[in-house]
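Read the structure below first, then the notes.
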Amino acid sequence: MKNRANLYEPYLTKSDNFFIKKSIDEGWVSTAGKNIDKFEKKISDLVKVKYCLALNSGTSSLDISLKVLGINSNHAVLVPSATFIAPINAILYNQAEPIFFDIDENLNINTSDVIKFLKEETIKKGDLLISKKNKKIIKAIIIVHVFGKPADIFALKEICKLNNIKLIEDASESLGSYYIKNKNKIHTGIIGDIGCLSFNGNKIITTGSGGMLMTNNKTYYKQAKYLSTQSKDNAVYFIHNNVGYNLRMNNISASLGLSQLNKIDYILSKKQDDYELYQKLITNKNLELMQPTKNTISNNWLNIIKIKKKISFKKLKQIIKILHKQNVYVRPLWYPNHLQKFLKKYIRYNLQSINSIFTQIICLPSSPSLKNKTIIEISKIINKIKI
0 MKNRANLYEP YLTKSDNFFI KKSIDEGWVS TAGKNIDKFE KKISDLVKVK YCLALNSGTS
60 SLDISLKVLG INSNHAVLVP SATFIAPINA ILYNQAEPIF FDIDENLNIN TSDVIKFLKE
120 ETIKKGDLLI SKKNKKIIKA IIIVHVFGKP ADIFALKEIC KLNNIKLIED ASESLGSYYI
180 KNKNKIHTGI IGDIGCLSFN GNKIITTGSG GMLMTNNKTY YKQAKYLSTQ SKDNAVYFIH
240 NNVGYNLRMN NISASLGLSQ LNKIDYILSK KQDDYELYQK LITNKNLELM QPTKNTISNN
300 WLNIIKIKKK ISFKKLKQII KILHKQNVYV RPLWYPNHLQ KFLKKYIRYN LQSINSIFTQ
360 IICLPSSPSL KNKTIIEISK IINKIKI
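Take the sequence shown: its position 132, counting from 1, is numbered 131 in numbering that gives the first Met the number 0, and each next residue is one higher.
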(Lines of atoms letter the chains of each structure in order from A and count residues from 1; the text may use other names and numbers.)
(Lines give C-alpha, C1' and ligand atoms only; values in the text may rest on other atoms or scores of the structure.)
Protein backbone atom coordinates (compact mmCIF):
# COMPACT_ATOMS: atom_id res chain seq x y z
CA MET A 1 0.00 0.00 0.00
CA LYS A 2 1.52 3.33 -1.06
CA ASN A 3 -0.06 5.56 1.54
CA ARG A 4 0.07 4.83 5.26
CA ALA A 5 -3.26 3.74 6.76
CA ASN A 6 -3.08 4.75 10.42
CA LEU A 7 -5.26 3.14 13.05
CA TYR A 8 -7.27 6.26 13.81
CA GLU A 9 -6.74 9.86 12.81
CA PRO A 10 -8.94 12.67 14.13
CA TYR A 11 -11.41 14.12 11.66
CA LEU A 12 -10.28 17.76 11.54
CA THR A 13 -11.57 20.45 9.17
CA LYS A 14 -11.25 24.22 8.69
CA SER A 15 -14.16 24.83 11.07
CA ASP A 16 -12.03 23.41 13.90
CA ASN A 17 -9.35 26.00 13.16
CA PHE A 18 -12.00 28.74 13.28
CA PHE A 19 -13.34 27.70 16.69
CA ILE A 20 -9.86 27.40 18.20
CA LYS A 21 -8.68 30.71 16.75
CA LYS A 22 -11.78 32.47 18.04
CA SER A 23 -11.10 31.16 21.54
CA ILE A 24 -7.52 32.44 21.38
CA ASP A 25 -8.56 35.81 19.92
CA GLU A 26 -11.04 36.27 22.75
CA GLY A 27 -8.29 35.54 25.30
CA TRP A 28 -10.01 32.56 26.93
CA VAL A 29 -7.40 29.80 26.90
CA SER A 30 -7.34 28.21 30.36
CA THR A 31 -9.92 26.41 32.53
CA ALA A 32 -12.22 29.44 32.49
CA GLY A 33 -14.33 30.37 29.49
CA LYS A 34 -17.89 30.15 28.23
CA ASN A 35 -17.15 27.36 25.75
CA ILE A 36 -16.51 24.89 28.57
CA ASP A 37 -20.06 25.40 29.83
CA LYS A 38 -21.42 25.25 26.28
CA PHE A 39 -19.58 22.01 25.55
CA GLU A 40 -20.88 20.42 28.76
CA LYS A 41 -24.43 21.44 27.86
CA LYS A 42 -24.13 20.07 24.32
CA ILE A 43 -22.92 16.68 25.56
CA SER A 44 -25.63 16.66 28.23
CA ASP A 45 -28.30 17.26 25.59
CA LEU A 46 -26.81 14.69 23.23
CA VAL A 47 -26.67 11.78 25.69
CA LYS A 48 -29.66 12.95 27.76
CA VAL A 49 -28.02 13.18 31.18
CA LYS A 50 -28.58 15.92 33.78
CA TYR A 51 -24.99 16.84 34.66
CA CYS A 52 -21.74 16.90 32.67
CA LEU A 53 -18.32 17.97 33.91
CA ALA A 54 -15.55 18.60 31.36
CA LEU A 55 -12.15 17.34 32.54
CA ASN A 56 -8.67 17.09 31.07
CA SER A 57 -8.81 13.36 30.25
CA GLY A 58 -10.92 10.25 30.42
CA THR A 59 -8.53 8.93 33.06
CA SER A 60 -9.19 11.98 35.24
CA SER A 61 -12.91 11.35 34.84
CA LEU A 62 -12.47 7.79 36.14
CA ASP A 63 -10.23 8.93 38.99
CA ILE A 64 -12.62 11.64 40.18
CA SER A 65 -15.57 9.26 39.84
CA LEU A 66 -13.97 6.86 42.28
CA LYS A 67 -13.09 9.68 44.67
CA VAL A 68 -16.66 10.98 44.60
CA LEU A 69 -17.95 7.50 45.42
CA GLY A 70 -15.62 7.28 48.41
CA ILE A 71 -13.40 4.48 47.10
CA ASN A 72 -10.40 3.83 49.38
CA SER A 73 -8.05 1.15 50.70
CA ASN A 74 -10.92 -0.76 52.33
CA HIS A 75 -12.49 -1.44 48.94
CA ALA A 76 -12.25 -3.66 45.88
CA VAL A 77 -13.48 -2.65 42.44
CA LEU A 78 -14.53 -5.25 39.86
CA VAL A 79 -13.16 -4.56 36.38
CA PRO A 80 -12.55 -6.41 33.09
CA SER A 81 -9.02 -7.55 32.35
CA ALA A 82 -9.54 -6.63 28.69
CA THR A 83 -9.42 -2.86 28.79
CA PHE A 84 -7.04 0.03 28.36
CA ILE A 85 -5.19 0.38 31.63
CA ALA A 86 -6.78 3.71 32.63
CA PRO A 87 -9.57 2.27 34.84
CA ILE A 88 -7.07 0.00 36.58
CA ASN A 89 -4.76 2.92 37.30
CA ALA A 90 -7.70 4.96 38.58
CA ILE A 91 -8.53 2.18 41.05
CA LEU A 92 -4.94 2.13 42.28
CA TYR A 93 -4.79 5.95 42.52
CA ASN A 94 -7.50 5.57 45.16
CA GLN A 95 -5.65 2.80 47.05
CA ALA A 96 -8.34 0.22 46.26
CA GLU A 97 -7.74 -3.23 44.74
CA PRO A 98 -8.94 -4.39 41.31
CA ILE A 99 -10.53 -7.81 40.87
CA PHE A 100 -10.19 -8.95 37.25
CA PHE A 101 -12.97 -10.56 35.20
CA ASP A 102 -13.25 -12.39 31.91
CA ILE A 103 -14.88 -11.17 28.70
CA ASP A 104 -17.99 -12.19 26.79
CA GLU A 105 -18.32 -12.79 23.03
CA ASN A 106 -18.35 -9.03 22.43
CA LEU A 107 -15.09 -8.48 24.37
CA ASN A 108 -16.97 -6.75 27.21
CA ILE A 109 -16.92 -7.83 30.86
CA ASN A 110 -18.70 -11.14 31.41
CA THR A 111 -21.64 -10.02 33.53
CA SER A 112 -22.73 -13.61 34.25
CA ASP A 113 -19.37 -14.20 35.90
CA VAL A 114 -19.69 -10.97 37.88
CA ILE A 115 -23.11 -11.99 39.21
CA LYS A 116 -21.84 -15.47 40.06
CA PHE A 117 -18.85 -13.99 41.88
CA LEU A 118 -21.04 -11.65 43.91
CA LYS A 119 -23.27 -14.56 44.93
CA GLU A 120 -20.61 -17.20 45.62
CA GLU A 121 -17.32 -15.45 46.43
CA THR A 122 -18.50 -12.85 48.92
CA ILE A 123 -19.85 -12.67 52.47
CA LYS A 124 -22.90 -10.55 53.25
CA LYS A 125 -22.49 -8.03 56.10
CA GLY A 126 -25.48 -5.75 56.47
CA ASP A 127 -26.02 -4.18 53.06
CA LEU A 128 -22.40 -4.79 51.99
CA LEU A 129 -20.60 -7.64 50.24
CA ILE A 130 -17.10 -8.61 51.41
CA SER A 131 -14.71 -10.53 49.17
CA LYS A 132 -13.85 -13.89 50.74
CA LYS A 133 -10.30 -13.75 49.41
CA ASN A 134 -9.00 -10.26 50.15
CA LYS A 135 -11.61 -9.23 52.78
CA LYS A 136 -12.27 -5.98 50.91
CA ILE A 137 -15.70 -4.39 50.57
CA ILE A 138 -16.98 -4.72 46.99
CA LYS A 139 -17.67 -1.04 46.52
CA ALA A 140 -17.90 -0.55 42.76
CA ILE A 141 -17.91 -2.16 39.32
CA ILE A 142 -16.38 -0.46 36.31
CA ILE A 143 -18.12 -1.43 33.06
CA VAL A 144 -16.08 -0.68 29.92
CA HIS A 145 -17.93 -0.39 26.61
CA VAL A 146 -15.07 -1.86 24.61
CA PHE A 147 -14.53 -0.52 21.08
CA GLY A 148 -17.89 1.26 21.22
CA LYS A 149 -19.93 -1.91 21.79
CA PRO A 150 -22.35 -1.44 24.72
CA ALA A 151 -21.76 -3.88 27.59
CA ASP A 152 -24.54 -5.83 29.32
CA ILE A 153 -25.01 -3.36 32.17
CA PHE A 154 -28.73 -3.89 32.83
CA ALA A 155 -28.10 -7.39 34.18
CA LEU A 156 -26.03 -5.86 37.00
CA LYS A 157 -28.21 -2.97 38.12
CA GLU A 158 -30.50 -4.84 40.51
CA ILE A 159 -27.81 -6.84 42.29
CA CYS A 160 -25.69 -3.69 42.66
CA LYS A 161 -28.57 -1.76 44.16
CA LEU A 162 -29.31 -4.53 46.67
CA ASN A 163 -25.70 -4.65 47.83
CA ASN A 164 -24.73 -0.96 47.82
CA ILE A 165 -22.35 -1.41 44.89
CA LYS A 166 -21.80 1.57 42.59
CA LEU A 167 -21.72 1.23 38.81
CA ILE A 168 -19.25 3.30 36.80
CA GLU A 169 -19.43 3.23 33.02
CA ASP A 170 -16.19 3.76 31.16
CA ALA A 171 -17.80 5.01 27.96
CA SER A 172 -14.53 6.49 26.68
CA GLU A 173 -14.88 4.68 23.36
CA SER A 174 -18.66 4.73 23.03
CA LEU A 175 -19.86 8.27 22.32
CA GLY A 176 -22.73 7.73 19.90
CA SER A 177 -23.45 4.15 21.04
CA TYR A 178 -26.92 3.23 22.29
CA TYR A 179 -29.00 0.48 23.81
CA ILE A 180 -32.37 -0.23 22.21
CA LYS A 181 -34.79 -0.89 25.06
CA ASN A 182 -38.58 -0.88 24.63
CA LYS A 183 -38.02 0.84 21.27
CA ASN A 184 -36.16 3.68 23.01
CA LYS A 185 -32.53 4.65 22.47
CA ILE A 186 -30.49 4.93 25.68
CA HIS A 187 -26.95 6.26 25.41
CA THR A 188 -24.08 4.45 27.08
CA GLY A 189 -22.64 6.15 30.15
CA ILE A 190 -25.91 7.31 31.71
CA ILE A 191 -27.28 4.06 33.16
CA GLY A 192 -24.86 3.57 36.03
CA ASP A 193 -24.13 6.00 38.86
CA ILE A 194 -21.44 7.81 36.88
CA GLY A 195 -20.26 7.61 33.27
CA CYS A 196 -16.98 8.76 31.71
CA LEU A 197 -16.13 9.84 28.17
CA SER A 198 -12.79 10.43 26.48
CA PHE A 199 -12.04 13.00 23.79
CA ASN A 200 -8.49 11.89 23.06
CA GLY A 201 -7.22 12.39 19.50
CA ASN A 202 -8.33 8.89 18.48
CA LYS A 203 -11.92 9.07 19.75
CA ILE A 204 -15.21 9.72 17.89
CA ILE A 205 -14.79 13.44 18.51
CA THR A 206 -11.66 15.01 19.93
CA THR A 207 -10.71 17.96 22.09
CA GLY A 208 -7.02 17.08 21.68
CA SER A 209 -7.08 15.57 25.12
CA GLY A 210 -10.04 15.66 27.45
CA GLY A 211 -12.81 13.76 29.15
CA MET A 212 -16.28 14.14 30.58
CA LEU A 213 -17.87 12.95 33.80
CA MET A 214 -21.62 12.34 33.43
CA THR A 215 -24.22 11.70 36.10
CA ASN A 216 -27.85 12.22 37.03
CA ASN A 217 -26.85 12.64 40.68
CA LYS A 218 -26.46 16.30 41.64
CA THR A 219 -24.39 15.50 44.76
CA TYR A 220 -21.86 13.52 42.74
CA TYR A 221 -21.63 16.30 40.16
CA LYS A 222 -21.08 19.07 42.73
CA GLN A 223 -18.45 17.04 44.59
CA ALA A 224 -16.63 16.18 41.36
CA LYS A 225 -16.59 19.83 40.27
CA TYR A 226 -15.32 20.90 43.70
CA LEU A 227 -12.49 18.34 43.77
CA SER A 228 -11.44 18.96 40.15
CA THR A 229 -11.11 22.73 40.66
CA GLN A 230 -8.59 22.55 43.53
CA SER A 231 -11.35 22.23 46.16
CA LYS A 232 -11.87 25.98 46.32
CA ASP A 233 -14.19 26.94 49.16
CA ASN A 234 -13.60 30.62 48.47
CA ALA A 235 -12.15 31.52 45.08
CA VAL A 236 -11.54 35.18 45.99
CA TYR A 237 -9.56 34.57 49.18
CA PHE A 238 -8.16 31.17 48.19
CA ILE A 239 -9.68 29.15 51.00
CA HIS A 240 -9.31 25.37 50.64
CA ASN A 241 -10.65 22.88 53.17
CA ASN A 242 -9.76 19.70 51.26
CA VAL A 243 -7.11 18.30 48.98
CA GLY A 244 -8.01 19.38 45.46
CA TYR A 245 -6.97 18.57 41.90
CA ASN A 246 -6.35 20.66 38.79
CA LEU A 247 -8.27 18.51 36.32
CA ARG A 248 -10.68 20.76 34.43
CA MET A 249 -10.78 21.02 30.64
CA ASN A 250 -9.44 24.24 29.15
CA ASN A 251 -11.46 26.58 26.95
CA ILE A 252 -9.40 25.93 23.80
CA SER A 253 -10.11 22.20 24.07
CA ALA A 254 -13.81 22.88 24.70
CA SER A 255 -13.87 25.14 21.61
CA LEU A 256 -12.51 22.31 19.49
CA GLY A 257 -15.10 20.00 21.06
CA LEU A 258 -17.94 22.31 20.07
CA SER A 259 -16.73 22.34 16.49
CA GLN A 260 -16.38 18.56 16.49
CA LEU A 261 -19.92 18.08 17.79
CA ASN A 262 -21.22 19.94 14.74
CA LYS A 263 -19.89 17.03 12.67
CA ILE A 264 -20.81 14.09 14.88
CA ASP A 265 -23.76 12.95 12.75
CA TYR A 266 -21.53 12.83 9.69
CA ILE A 267 -18.76 11.02 11.60
CA LEU A 268 -21.11 8.34 12.95
CA SER A 269 -22.73 7.87 9.53
CA LYS A 270 -19.33 7.58 7.84
CA LYS A 271 -18.17 5.03 10.39
CA GLN A 272 -21.30 2.93 9.82
CA ASP A 273 -20.63 3.02 6.08
CA ASP A 274 -17.00 2.02 6.63
CA TYR A 275 -18.04 -0.89 8.86
CA GLU A 276 -20.44 -2.14 6.18
CA LEU A 277 -17.74 -1.79 3.51
CA TYR A 278 -15.26 -3.81 5.57
CA GLN A 279 -17.98 -6.41 6.16
CA LYS A 280 -18.55 -6.74 2.42
CA LEU A 281 -14.89 -6.81 1.43
CA ILE A 282 -13.21 -9.03 4.04
CA THR A 283 -13.58 -12.53 2.65
CA ASN A 284 -10.64 -14.37 4.24
CA LYS A 285 -12.25 -17.59 5.53
CA ASN A 286 -9.98 -17.59 8.60
CA LEU A 287 -11.21 -14.17 9.72
CA GLU A 288 -14.50 -12.64 10.79
CA LEU A 289 -15.46 -9.02 11.28
CA MET A 290 -16.97 -8.68 14.74
CA GLN A 291 -20.67 -7.76 14.73
CA PRO A 292 -22.51 -5.17 16.84
CA THR A 293 -23.99 -6.34 20.15
CA LYS A 294 -27.63 -7.47 19.94
CA ASN A 295 -30.23 -4.75 20.65
CA THR A 296 -27.65 -1.98 20.48
CA ILE A 297 -26.35 0.66 18.09
CA SER A 298 -22.56 0.78 18.00
CA ASN A 299 -20.56 3.83 17.00
CA ASN A 300 -18.15 1.41 15.27
CA TRP A 301 -15.23 3.19 16.91
CA LEU A 302 -12.79 0.49 15.85
CA ASN A 303 -13.52 -2.24 13.33
CA ILE A 304 -12.32 -5.56 14.73
CA ILE A 305 -11.42 -8.78 13.00
CA LYS A 306 -11.22 -12.02 14.93
CA ILE A 307 -8.95 -14.85 13.84
CA LYS A 308 -11.18 -17.92 13.96
CA LYS A 309 -8.58 -20.31 15.32
CA LYS A 310 -6.30 -19.97 18.31
CA ILE A 311 -2.79 -18.75 17.55
CA SER A 312 0.22 -17.87 19.69
CA PHE A 313 1.13 -14.35 20.74
CA LYS A 314 4.29 -14.80 18.68
CA LYS A 315 2.23 -15.58 15.57
CA LEU A 316 -0.02 -12.56 16.19
CA LYS A 317 3.01 -10.29 16.38
CA GLN A 318 4.29 -11.72 13.10
CA ILE A 319 0.97 -10.96 11.38
CA ILE A 320 0.92 -7.40 12.73
CA LYS A 321 4.51 -6.86 11.65
CA ILE A 322 3.66 -7.99 8.10
CA LEU A 323 0.71 -5.59 7.95
CA HIS A 324 2.78 -2.70 9.30
CA LYS A 325 5.38 -3.32 6.58
CA GLN A 326 2.59 -2.84 4.05
CA ASN A 327 1.60 0.46 5.71
CA VAL A 328 -1.56 -0.98 7.29
CA TYR A 329 -1.19 0.13 10.90
CA VAL A 330 -3.35 -2.28 12.88
CA ARG A 331 -3.11 -3.04 16.61
CA PRO A 332 -3.94 -6.01 18.85
CA LEU A 333 -6.34 -6.15 21.77
CA TRP A 334 -4.76 -4.71 24.91
CA TYR A 335 -2.38 -7.07 26.64
CA PRO A 336 -4.55 -8.49 29.47
CA ASN A 337 -4.20 -6.44 32.63
CA HIS A 338 -4.05 -9.46 34.91
CA LEU A 339 -0.86 -10.49 33.09
CA GLN A 340 0.87 -7.13 33.59
CA LYS A 341 3.80 -7.61 35.98
CA PHE A 342 2.66 -5.11 38.59
CA LEU A 343 -0.93 -6.38 38.54
CA LYS A 344 -0.36 -10.14 38.84
CA LYS A 345 -0.85 -10.04 42.62
CA TYR A 346 -4.52 -9.08 42.39
CA ILE A 347 -7.48 -11.44 42.34
CA ARG A 348 -8.68 -12.75 39.01
CA TYR A 349 -11.94 -14.67 38.61
CA ASN A 350 -12.59 -17.46 36.11
CA LEU A 351 -10.37 -16.01 33.40
CA GLN A 352 -10.72 -18.41 30.48
CA SER A 353 -11.67 -16.59 27.28
CA ILE A 354 -9.30 -13.64 27.66
CA ASN A 355 -6.21 -15.84 28.03
CA SER A 356 -6.64 -17.17 24.51
CA ILE A 357 -8.75 -14.64 22.63
CA PHE A 358 -6.40 -11.68 23.13
CA THR A 359 -4.11 -13.24 20.51
CA GLN A 360 -6.99 -13.56 18.04
CA ILE A 361 -8.02 -9.90 17.81
CA ILE A 362 -6.77 -7.32 15.29
CA CYS A 363 -8.07 -3.73 15.21
CA LEU A 364 -8.28 -2.28 11.70
CA PRO A 365 -7.72 1.31 10.56
CA SER A 366 -11.03 3.00 11.39
CA SER A 367 -10.65 6.77 11.06
CA PRO A 368 -13.62 8.62 9.54
CA SER A 369 -10.99 10.26 7.33
CA LEU A 370 -10.43 6.96 5.47
CA LYS A 371 -11.43 6.99 1.84
CA ASN A 372 -13.28 4.04 0.32
CA LYS A 373 -10.39 3.23 -1.99
CA THR A 374 -8.11 2.94 1.06
CA ILE A 375 -10.51 0.52 2.77
CA ILE A 376 -10.58 -1.53 -0.45
CA GLU A 377 -6.76 -1.67 -0.46
CA ILE A 378 -6.64 -2.59 3.24
CA SER A 379 -9.21 -5.36 2.74
CA LYS A 380 -7.22 -6.86 -0.15
CA ILE A 381 -4.14 -7.01 2.07
CA ILE A 382 -6.12 -8.46 4.99
CA ASN A 383 -7.60 -11.16 2.76
CA LYS A 384 -4.10 -12.37 1.89
CA ILE A 385 -3.15 -13.02 5.52
CA LYS A 386 -2.01 -16.61 5.99
CA ILE A 387 -2.95 -18.05 9.38
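Beta carbons are placed, not taken as given, at the ideal position from N, Cα and C, and that holds for glycine. Keep in mind that this is a model prediction, so the values were computed, not measured.
Just the C-alpha distance for Ala234 and Ser197, rounded to the nearest angstrom, thanks.
-> 28 Å
Excluding sequence positions up to five away, which residues of its chain have a Cβ less than 6 Å from the Cβ of Pro9?
-> Gly200 and Thr205
Contacting residues, own chain, Cβ-Cβ under 6 Å from Thr358 (five flanking each side not counted) = Ile310, Phe312 and Leu315
Is Leu226 helix, strand or coil by DSSP?
-> helix
What distance in whole Å lies between the Cβ atoms of Pro86 and Asp169, which are believed to be in contact at a cut-off of 8 Å?
-> 5 Å
Given that a residue counts as buried once 16 or more other Cβ atoms are within 10 Å of its Cβ, and exposed if not, what is Tyr277?
-> buried
May I ask which residues mark the beginning and end of the beta strand (DSSP E) holding Asp232?
-> Lys231 to Asn233
Buried/exposed call for Arg347, threshold 16 Cβ in 10 Å = buried
Just mark Phe116 as buried or exposed, buried being the case when its beta carbon has 16 or more other beta carbons within 10 Å.
-> buried
How many Å lie between Tyr178 and Ile136 at the Cα?
-> 30 Å
With Ile63 and Leu54 assumed to form a contact (beta carbons below 8 Å), what rounded beta-carbon distance in angstroms separates them?
-> 7 Å
If we ignore side chains and look at the alpha-carbon of each, how far apart do Lys305 and His239 end up?
-> 52 Å
Leu257: first and last residue of the uninterrupted alpha helix (DSSP H) it sits in = Asn250 to Leu260
Distance between Lys37 and Leu212 (C-alpha atoms, nearest Å) = 15 Å
Leaving aside the five residues before and after Lys165 along the sequence, list all residues of the same chain whose C-beta is less than 8 Å from its C-beta, in chain order.
-> Leu68, Lys138, Ala139, Ile140, Cys159, Gly191, Asp192 and Ile193
Cβ-Cβ separation, Ile318 to Ile384 (assumed contact under 8 Å), whole Å = 6 Å
From the DSSP output, which residues share a beta bridge with Val327?
-> Ala4
Alpha-carbon spacing of Asn371 relative to Ala4, whole angstroms | 12 Å
Spatial distance of Lys270 from Pro364 (CA atoms) = 11 Å
Can you tell me whether Thr82 is buried or exposed, with buried defined as 16 or more other CB within 10 angstroms of its CB?
-> buried
Alpha carbon of Tyr7 to alpha carbon of Lys221, nearest angstrom | 35 Å
Check Phe100 in the structure and name its three-state DSSP category.
-> strand
Looking at the unbroken beta strand (DSSP E) that takes in Glu168, where does it start and where does it end?
-> Lys165 to Asp169
Status (buried if at least 16 other CB within 10 Å, exposed otherwise) for Val242 = exposed
Quick one, which of Leu155, Lys123, Leu91 and Lys134 has its alpha-carbon nearest Asn109's?
-> Leu155
Figure out for me which residue from Leu257, Asn285 and Ile303 has the closest Cα to the Cα of Leu11.
-> Leu257
Best match in Ile381, Gly188 and Asn336 for proximity to Ile353 [C-alpha to C-alpha] | Asn336
Could you spell out the range, first to last residue, of the beta strand (DSSP E) harbouring Ala53?
-> Tyr50 to Leu54
Buried or exposed for Ala253, please, with buried defined as at least 16 other CB atoms from any protein chain shown within 10 angstroms of its CB.
-> buried
Pull up the distance between the alpha-carbon of Gly188 and that of Ile167, whole angstroms please.
-> 8 Å
Less than 9 Å separating the beta-carbons of Gly207 and Ile263?
-> no
Do you know how far the Cα of Gln94 is from the Cα of Ile129?
-> 17 Å
Rounded to a whole number of angstroms, what is the C-alpha to C-alpha distance between Lys77 and Ile90?
-> It is Leu, not Lys, that sits at residue 77 in the sequence shown. Distance between the alpha carbons of Leu77 and Ile90 is about 10 Å.
Considering only residues of the same chain and omitting the five flanking positions on each side of Trp333, which have a CB-CB separation below 7 Å?
-> Ala81, Thr82 and Phe83
Pairwise C-alpha distance: Asn250 and Ile27 | The identity of residue 27 in the sequence shown is Trp, whereas the question assumes Ile. Straight-line Cα distance between these residues: approximately 6 Å.
Identify which residue in Glu376, Leu342 and Thr373 has its Cα closest to the Cα of Phe99.
-> Leu342
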